[in-house]
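To start, the structure itself, in structure tokens.
Numbering (our numbering), first residue to last: 0 to 519.
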């Protein structure tokens with residue numbers, strides 16, 4: 000609830016400004032005739048970081064549902080591509096574009112939704128986008144030609160990626176590093192459970208009397224339901240937006256006494272150049288000049304592409320070689336879902352030391368502590384890919400043997416995502432949404448390309464050798480978390496976007512130890 004207690008004021012002094020996001024500021028500054036409003040002390044209930052544990056999980060659950068819905072949409076039509084090709088009189092290769100253009104929308108959308116949420120707030124941007132995504136499913140369901148289907152599918156991807164882009168910022172708005180690690184783990188699992196459910200549900204719908212068009216009608220219904228659900232239950236979490244609301248409320252409460260109370264940045268008149276820099280340019284700037292973000296994104300792009308490559312490889316392994324039906328093949332994706340559950344459990348195990356680290360590092364432990372799960376997951380991904388490819392290549396091997404390999408693939412992919420996304424959030428803090436936008440753009444672009452060549456690659460090279468090629472690239476990039484675990488602090492120290500709170504605290508701790516030695 001809002002607090003109507005009088006606000007204290009302090010002189011404007013740059014030394015009182017926090018080095019981190021506005022959400023961590025607890026002082027009130029005066030600049031000219033304006034009083035900058037902040038939280039009413041460290042326990043202000045309006046501050047999302049002070050929300051109850053249960054309510055934080057409620058909000059996390061909502062954004063996970065929104066993310067699951069749009070990732071489900073990315074994969075749901077894959078089991079219907081044959082029917083789409085037949086009814087719209089196009090080749091199988093052209094029908095594969097249904098997946099590709101949706102993921103290309105994931106490339107185009109993040110520069111708008113990620114930084115845009117830092118200007119207008121998380122809720123407003125996310126719900127507008129997912130509502131538009133739901134509407135574009137109407138065009139896909141009623142498409143009479145492939146052009147209409149692909150255009151509406153692309154725009155559905157542009158708007159549908161907003162929840163994925165903004166979750167990192169929402170988690171950082173509410174959670175401390177311990178809770179944030181758990182929350183990101185559940186979020187990543189939901190992101191990959193969506194593509195797992197897509198081929199299963201889409202396969203049963205497409206092969207039923209309803210036909211492939213009802214795949215998109217179901218997406219419309221689920222997207223619309225998520226929009227309404229989010230509008231009713233999803234709160235705003237972005238501190239500057241909440242503070243701006245608080246300032247407006249105080250001015251309305253007493254227009255005379257509070258006429259000079261504003262939130263920092265409120266009523267700022269943005270020039271076109273500033274707006275472009277804050278929304279579209281910043282993610283590109285970060286991906287170019289931040290080596291940590293670049294290499295982490297490349298690694299995540301590969302493992303993300305593997306998921307969408309499997310959509311093309313599974314029909315070869317389980318339908319052509321083993322005679323399973325389309326719905327049965329969709330059920331094989333449950334192996335990846337099992338791997339996702341195992342990955343969340345493993346991630347929780349690695350988070351056990353975090354309460355101690357928080358105390359030792361005064362709330363800002365080194366982000367590199369997030370990397371050990373991905374250091375383990377990298378070699379496991381190589382093993383799982385080889386297992387799936389070499390056992391899947393031979394029809395004499397029962398179907399459940401390569402399916403078991405998919406459990407390792409799913410577990411390792413989700414662990415890489417949980418670990419790397421947590422690392423990005425901890426490393427960039429207030430710029431997490433922009434970092435997520437850049438990450439989502441690149442990995443979605445890579446994933447969009449995979450359906451265009453994986454079928455030809457698995458047929459031309461044979462399943463076993465194609466899997467070996469993918470495993471080789473996975474092994475090469477598996478070194479990334481090891482490199483950053485050792486050299487990450489040095490690289491971050493030269494960053495323009497990483498606040499490096501742990502490095503500052505390390506200097507403070509070293510100075511205190513030195514002082515203690517001198518006193519002794």
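Note that the Cβ used here is the ideal one computed from N, Cα and C, for glycine as well.
Bear in mind the structure is a predicted one, so any value in this text is a computation, not a measurement.
Next item on the list: Would you identify the three-state DSSP class for residue 310, choosing helix, strand or coil?
Entry: Along the chain shown, read from residue 1 onward, the residue named residue 310 stands at position 311. For residue 310, the three-state secondary structure derived from DSSP is helix.
Note to self: Relative to the C-alpha of residue 147, which candidate in 116, 127 and 94 has its C-alpha closest?
What the structure shows: Translated into positions along the chain shown, residue 147 becomes position 148. Of 116, 127 and 94, the residue nearest in Cα terms is 94.
Check: Which residues in the same chain have their Cβ closer than 7 Å to the Cβ of residue 286, if we skip the five residues on either side of it in sequence?
Finding: Mapped onto the chain shown, residue 286 falls at position 287. Closer than 7 Å at the Cβ level, and outside the excluded window around residue 286, lie 292, 293, 296, 437 and 441.
Checklist line | Bridge-paired residues (DSSP) for residue 472 | finding: Here residue 472 is taken as the residue at index 473 of the chain shown, counted from 1. According to DSSP, which records beta bridges pairwise, residue 472 is partnered with nothing at all.
Notebook entry, point to check: Does the Cβ of residue 40 have 16 or more other Cβ atoms within 10 Å, making it buried, or fewer, making it exposed?
Noted result: As a working mapping, residue 40 is identified with position 41 in the chain shown. Exposed.
Checklist line | Reduced DSSP secondary structure (H/G/I, E/B, other) of residue 260 | finding: As a first step, residue 260 must be located in the chain shown, where it is residue number 261. DSSP places residue 260 in strand when its eight states are reduced to three.
Check: Quick one: any contact between the region 446-462 and the region 302-309, if contact means 3 or more CB pairs under 8 Å?
Finding: yes
Next item on the list: Grab me the residues of residue 103's own chain with a C-beta within less than 8 Å of its C-beta, minus the 5 sequence neighbours each way, in chain order.
Entry: As a first step, residue 103 must be located in the chain shown, where it is residue number 104. 153, 156, 443, 444 and 447, listed in sequence order.
Checklist line | Which of helix, strand or coil DSSP assigns to residue 34 | finding: For this step, residue 34 is matched to residue 35 along the chain shown. If DSSP states are grouped into helix, strand and coil, residue 34 belongs with the strands.
Notebook entry, point to check: Under the three-state reduction of DSSP, which class applies to residue 362: helix, strand or coil?
Noted result: Within the chain shown, the letter at position 363 stands for residue 362. For residue 362, the secondary structure class from DSSP, reduced to helix, strand or coil, is coil.
Checklist line | Rounded C-alpha distance that separates residue 126 from residue 119 | finding: To locate residue 126, count along the chain shown from 1; it is residue 127. To locate residue 119, count along the chain shown from 1; it is residue 120. Here the alpha carbons of residue 119 and residue 126 stand approximately 12 Å from one another.
Margin query: For a test of the three-state rule: what should DSSP assign to residue 255, helix, strand or coil?
Written below: Working through the chain shown from its first residue, we reach residue 255 at position 256. Residue state, collapsed to three classes: coil.
Note to self: For a test of your reading of the model: does the CB of residue 330 fall under 8 Å from any non-hydrogen atom of the ligand COA? Yes or no.
What the structure shows: Among the ligands in the structure shown, none appear at all, so the ligand COA cannot be discussed.
Margin query: For residue 181, count the other beta carbons within 10 Å of its own beta carbon; 16 or more makes it buried, fewer makes it exposed. Which is it?
Written below: For the purposes of this step, residue 181 is identified with residue 182 of the chain shown, where counting begins at 1. Residue 181 is buried by the Cβ-count criterion.
Next item on the list: With DSSP collapsed to three states, give me the class of residue 501.
Entry: On the chain shown, position 502 is the one that residue 501 refers to. Helix, per DSSP.
Next item on the list: Let me know the secondary structure DSSP gives residue 144 once reduced to three states.
Entry: As a first step, residue 144 is located in the chain shown; it is residue number 145 there, counting from the start. In the structure shown, residue 144 sits in coil (DSSP, three-state: anything other than H, G, I, E or B).
Notebook entry, point to check: Whose C-alpha, out of 337, 354, 161 and 360, is nearest the C-alpha of residue 402?
Noted result: Your numbering for residue 402 matches position 403 in the chain shown. Per the Cα distances, 337.
Next item on the list: Report, in whole angstroms, the separation of the C-beta atoms of residue 312 and residue 453, which I expect to be a contact under 8 Å.
Entry: Here residue 312 corresponds to residue number 313 of the chain shown, with the count starting at 1. Here residue 453 corresponds to residue number 454 of the chain shown, with the count starting at 1. With 8 Å as the limit, residue 312 and residue 453 qualify as a contact, their Cβ atoms being about 6 Å apart.
Note to self: For residue 410, report the span of its alpha helix (DSSP H) as first-last.
What the structure shows: Stepping through the chain shown from its first residue, residue 410 is reached at position 411. Run containing residue 410: 399-427, per the alpha helix (DSSP H) assignment.
Item checked: Contact set for residue 290: own chain, Cβ-Cβ below 7 Å, skip 5 residues either direction -> One-based indexing of the chain shown puts residue 290 at position 291. 490, listed in sequence order.
Next item on the list: Please work out which residues of its chain come closer than 6 Å, Cβ to Cβ, to residue 82, disregarding the five sequence neighbours upstream and downstream, and give them in chain order.
Entry: Numbered from its first residue, the chain shown carries residue 82 at position 83. Around residue 82: 205 and 211.
Next item on the list: Output the distance between the C-alpha atoms of residue 258 and residue 236, rounded to the nearest integer angstrom.
Entry: Numbered from 1 along the chain shown, position 259 holds the residue referred to as residue 258. Numbered from 1 along the chain shown, position 237 holds the residue referred to as residue 236. Approximately 25 Å, taken between the alpha carbons.
Notebook entry, point to check: Per DSSP, what kind of secondary structure is residue 160 in: helix, strand or coil?
Noted result: Here the question's residue 160 lines up with position 161 in the chain shown. Coil.
Next item on the list: Report the three-state DSSP secondary structure of residue 23 (helix, strand or coil).
Entry: Here residue 23 is taken as the residue at index 24 of the chain shown, counted from 1. In this prediction, residue 23 has a pLDDT of 38, which is less than 50 and means its spatial position is unreliable; what the coordinates show is noted afterwards. Note: residue 23 maps to helix in three-state DSSP.
Next item on the list: Could you tell me if residue 532 is buried or exposed, where buried requires 16 or more neighbouring beta carbons within 10 angstroms of its beta carbon?
Entry: Residue 532 lies beyond the stretch modelled for the chain, which goes from 0 to 519, so this question has no answer here.
Item checked: Spatial neighbours of residue 363 in its chain, beta-carbon cut-off 7 Å, leaving aside the 5 residues before and after -> Within the chain shown, numbered from 1, the residue matching residue 363 stands at position 364. Hits under 7 Å: 500, 501 and 504.
Next item on the list: Pull up the CB-CB distance for residue 414 and residue 498, whole angstroms please, since I reckon it's below 8 Å.
Entry: In the chain shown, counting from the first residue as 1, residue 414 sits at position 415. In the chain shown, counting from the first residue as 1, residue 498 sits at position 499. That belief does not hold up - the Cβ atoms of residue 414 and residue 498 are roughly 26 Å apart, past 8 Å.
Checklist line | Whole-Å CB distance - residue 349 paired with residue 372, under 8 Å assumed | finding: Counted from its first residue, the chain shown places residue 349 at position 350. Counted from its first residue, the chain shown places residue 372 at position 373. Between residue 349 and residue 372, the beta carbon gap of about 5 Å places them in contact (Cβ cut-off 8 Å).
Checklist line | Pairwise C-alpha distance: residue 506 and residue 397 | finding: Your numbering for residue 397 matches position 398 in the chain shown. Your numbering for residue 506 matches position 507 in the chain shown. Computed Cα separation, rounded: 59 Å.
Next item on the list: Specify the secondary structure class of residue 273 as computed by DSSP and reduced to three states.
Entry: Walking along the chain shown from the start, residue 273 turns up at place 274. Note: residue 273 maps to helix in three-state DSSP.
Check: For the alpha helix (DSSP H) that residue 396 lies in, which residues bound it at each end?
Finding: Here residue 396 is taken as the residue at index 397 of the chain shown, counted from 1. Premise fails: residue 396 is in no alpha helix (DSSP H) and is neither H nor E.
Notebook entry, point to check: Buried or exposed: which applies to residue 515, given that a residue is buried once 16 or more other Cβ atoms fall within 10 Å of its Cβ?
Noted result: Counted from its first residue, the chain shown places residue 515 at position 516. Answer is exposed; the Cβ neighbour count stays below 16.
Check: DSSP on residue 348, reduced to helix/strand/coil?
Finding: One-based indexing of the chain shown puts residue 348 at position 349. Secondary structure of residue 348 (DSSP, three-state): helix.
Next item on the list: Please report how far the alpha carbon of residue 374 lies from the alpha carbon of residue 418, in whole angstroms.
Entry: Working through the chain shown from its first residue, we reach residue 374 at position 375. Working through the chain shown from its first residue, we reach residue 418 at position 419. Distance between the alpha carbons of residue 374 and residue 418: 9 Å.
Checklist line | alpha helix (DSSP H) segment containing residue 328, residue limits | finding: As a first step, residue 328 must be located in the chain shown, where it is residue number 329. Looking at the DSSP string, the run of the alpha helix (DSSP H) that includes residue 328 is 325-331.
Check: With a Cβ-Cβ cutoff of 9 Å, do residue 379 and residue 188 count as a contact?
Finding: Locating residue 379 in the chain shown gives position 380, counting from the first residue. Locating residue 188 in the chain shown gives position 189, counting from the first residue. Against a cut-off of 9 Å, the Cβ pair of residue 188 and residue 379 comes out as no contact.
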